[in-house]
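Participant: Using my numbering, the first residue of the sequence shown is number 1156, and each one after it goes up by one.
Idealized CB from N, CA, C, for every residue including glycine.
Let me begin by handing over the structure; questions about it come next.
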Amino acid sequence: MKKLFRRKVIGALLITGCVVFGIWYYQLSNRHKAIVKTKLLHTFRIIDHDWEIDETESQLILESPDLLVDNIYHSMDGPQAVLNLNINQGGTKVQWITGFKAEAIRDGTQTHDNDFLCHTNIDYYDAVHYKNLNFPKRINTQYPRLGTLSNGINELNFPPGFGFPVAVDDVFIIASRTLNLNIKNAFFKVKHHITLKIENGDVPLKPLQPKGLVLMLPYDLDNPYRSKKNDPNLCSPIDLKNHSGPGEDGVPLSAHWRLPEGKTHYEFDVTYQLYLQEDTTIHAMAAHLHPGAETFILFDSTTNEAVFTFNCENYSDKLGLKYVPNYSSAEGILLKADHKYKLILETNNPSTGFRDMMAVLFLYLYDKEMEEHLKKLRMADL
């Protein structure tokens, strides 16, 4: 009798727990449902849950766990996998990252499908990175992102002779997220294959410093998501917890917003984000944009000239960025420390449905200070 009673109590608790979980889960946003779902699928080994890492002399090749695509997933909504990656473990000298590539591979196929790559972010732990390079004054001076690959741009290679220095026992964070803007009844798995190109450091390269320039917009501070103000200068932000921050004057701005219908023109001064202390040169560029972006320009406001223009190609028969150009050159483009610079974005949303936008430009600048520092380290080792 007691055993039967215990079983009934346990059964009732299980049913209650399932109901409570179901109600809680139902109320989550699409993004948070994906987080919970992915965690459960990986924890209980229902789908492949682990990263595969293959290292050669010139490459690090990463294969993500399975990511289940079972819904429409807009930017920042889809399932993602995160890896803490140790590079140059036990090494004796600086190595160099000279390029990176990300491919989204749908289950049962062998080739990259651009439709399922939301982004692959490659960050470095700046406290570890600069400590191990004996350069602690750089810690916490800028956001430590090496770069982002995304819909329309899945590879960036630095010009020959240039690279990003990798300290001995350096640590990176790889975060790769899926996208699905078009397939409504989706139910399949995707893996992300990520390649980091590495040079062993026998020949010193010219160091590059990555800088991310973010186009940000003002919004209604009193009622951000449902503003009643008829002000065309205010955007409707998507998620202020993750993609907002103070502008140059300290006023909060949004870096992820709803894209209005029709054609829209945006401009934003990024001189304070560049924070150039001396003239330098750009040797690579990559843009992170969302569907609907047509033209993205780094503009010199002092000379009233475009520094570089990204002409993007959107798909005509579905949602998505088909192609976003990049830039890579040993000659480089000069940036002047006493000039002002801004980002200009032209977008087109022909639909009345939901569209969102982000616009980030990753610059890779010749790092004279780092080159001199690394020379001193090499001389000290002789």
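Restricting to Cα atoms, I'd like to know which of N1312, F1290, R1533 is closest to A1282.
Facilitator: As a first step, residue 1282 must be located in the sequence shown, where it is residue number 127. Answer by Cα proximity: F1290.
Participant: Under a Cβ-count criterion, where at least 16 other Cβ atoms within 10 Å of its own Cβ denotes burial, should E1258 be classed as buried or exposed?
Facilitator: What you label residue 1258 is simply residue 103 of the sequence shown in a count that begins at 1. Under this definition E1258 is a buried residue.
Participant: Can you tell me where the alpha helix (DSSP H) with E1354 in it begins and where it stops?
Facilitator: Taking the sequence shown and counting its residues from 1, one reaches residue 1354 at position 199. Unbroken run through E1354 is the beta strand (DSSP E), 1343 to 1354; no alpha helix (DSSP H).
Participant: Within 10 angstroms of the Cβ of Y1496, are there 16 or more other Cβ atoms? Answer buried if so, exposed if not.
Facilitator: Sequence index remark: in the sequence shown, residue 1496 carries index 341 (1-based). Classification of Y1496: buried, given that the 10 Å Cβ count is 16 or more.
Participant: Could you name the residues of the same chain whose beta carbon sits closer than 6 angstroms to that of A1461, not counting the 5 residues immediately before and after it, in chain order?
Facilitator: Along the sequence shown, read from residue 1 onward, the residue named residue 1461 stands at position 306. Counting only Cβ-Cβ distances below 6 angstroms, and skipping sequence neighbours, we find I1452, F1454.
Participant: With respect to the alpha helix (DSSP H) encompassing V1191, which residues constitute its N-terminal and C-terminal limits?
Facilitator: Taking the sequence shown and counting its residues from 1, one reaches residue 1191 at position 36. 1185 to 1198 is the extent of the alpha helix (DSSP H) around V1191.
Participant: Considering only the beta carbon of each residue, do M1440 and Y1482 sit closer than 7 angstroms?
Facilitator: Translated into the one-based positions of the sequence shown, residue 1440 becomes position 285. Translated into the one-based positions of the sequence shown, residue 1482 becomes position 327. Yes, the pair counts as a contact, with Cβ atoms nearer than the cut-off.
Participant: In angstroms, rounded to a whole number, what distance separates the CA positions of K1477 and W1251?
Facilitator: To locate residue 1477, count along the sequence shown from 1; it is residue 322. To locate residue 1251, count along the sequence shown from 1; it is residue 96. So the alpha carbons of these two residues sit roughly 30 angstroms apart.
Participant: To which residues of the same chain is K1418 closer than 6 angstroms at the C-beta, ignoring the five residues directly before and after it?
Facilitator: Looking up residue 1418 in the sequence shown gives position 263. Excluding sequence neighbours, K1418 sits near N1503.
Participant: Note the first and the last residue of the continuous beta strand (DSSP E) segment covering R1533.
Facilitator: As a working mapping, residue 1533 is identified with position 378 in the sequence shown. It is not in any beta strand (DSSP E) - R1533 instead sits in the alpha helix (DSSP H) that spans 1523 to 1536.
Participant: Please report the straight-line C-alpha distance between S1219 and K1346, rounded to a whole angstrom.
Facilitator: By 1-based counting over the sequence shown, the position of residue 1219 is 64. By 1-based counting over the sequence shown, the position of residue 1346 is 191. Going from the Cα of S1219 to the Cα of K1346 covers about 6 angstroms.
Participant: Could you check what DSSP says for H1398 in three-state terms: helix, strand or coil?
Facilitator: The count along the sequence shown starts at 1 and reaches residue 1398 at position 243. Coil, per DSSP.
Participant: Exposed or buried, which one is G1400 when buried takes at least 16 other CB atoms within 10 Å?
Facilitator: As a working mapping, residue 1400 is identified with position 245 in the sequence shown. Burial call: exposed.
Participant: Using beta-carbon positions only, say whether H1445 and M1513 come within less than 7 angstroms of one another.
Facilitator: Here residue 1445 refers to the residue found at position 290 of the sequence shown. Here residue 1513 refers to the residue found at position 358 of the sequence shown. The answer is yes: Cβ separation under 7 angstroms.
Participant: Output the residue ranges of the alpha helix (DSSP H) runs that lie fully inside the region 1371 to 1450 and measure 4 residues or longer, sorted by chain position.
Facilitator: Here the runs fully enclosed are 1426 to 1429.
Participant: Would you identify the three-state DSSP class for F1271, choosing helix, strand or coil?
Facilitator: If you number the sequence shown from 1, residue 1271 lands on position 116. Helix, per DSSP.
Participant: Please confirm whether F1319 and K1361 have their CB atoms less than 7 angstroms apart.
Facilitator: Residue mapping note: residue 1319 aligns to position 164 of the sequence shown, counting from 1. Residue mapping note: residue 1361 aligns to position 206 of the sequence shown, counting from 1. No. Outside cutoff.
Participant: Classify V1425 as buried or exposed, calling it buried when 16 or more other Cβ atoms lie within 10 Å of its own Cβ.
Facilitator: Along the sequence shown, one-based indexing puts residue 1425 at 270. V1425 comes out buried.
Participant: Grouping DSSP H, G and I as helix and E and B as strand, with all else coil, what is T1464?
Facilitator: Position 309 of the sequence shown, counted from the start, is the residue given in the question as residue 1464. The answer is strand: DSSP assigns T1464 an E or B state.
Participant: Terminal residues of the continuous alpha helix (DSSP H) containing A1282?
Facilitator: Here residue 1282 refers to the residue found at position 127 of the sequence shown. Its alpha helix (DSSP H) spans residues 1281 to 1287.
Participant: For D1434, which residues of its own chain have a beta-carbon under 6 angstroms away from its beta-carbon, when the five flanking residues on both sides are left out?
Facilitator: Looking up residue 1434 in the sequence shown gives position 279. Taken in chain order, the residues that qualify are K1491, A1492.
Participant: Return yes when the Cβ of T1450 is within less than 7 angstroms of the Cβ of E1403, no when it is not.
Facilitator: Residue numbering aside, residue 1403 sits at position 248 when the sequence shown is read from its first letter. Residue numbering aside, residue 1450 sits at position 295 when the sequence shown is read from its first letter. In this structure, T1450 does not lie closer than 7 angstroms to E1403 by Cβ.
Participant: Relative to the ligand MN, is the shortest distance from any of its heavy atoms to the C-beta of H1197 smaller than 6 angstroms?
Facilitator: In the structure shown, the ligand MN is absent, as is every other ligand, since no ligand is present at all.
Participant: Identify, in the order they occur along the chain, each residue of the same chain with its Cβ nearer than 6 angstroms to the Cβ of V1515, setting aside the five sequence neighbours on each side.
Facilitator: Counted from its first residue, the sequence shown places residue 1515 at position 360. These residues qualify, in order along the chain: G1367, V1369, H1443.
Participant: For V1321, list the residues DSSP reports as bridge partners.
Facilitator: The count along the sequence shown starts at 1 and reaches residue 1321 at position 166. In the DSSP output, where bridge partners are listed per residue, V1321 has Q1250.
Participant: State the start and end residues of the unbroken beta strand (DSSP E) segment that holds R1300.
Facilitator: Walking along the sequence shown from the start, residue 1300 turns up at place 145. Taken as a continuous stretch (DSSP letters only), the beta strand (DSSP E) holding R1300 covers 1300 to 1305.
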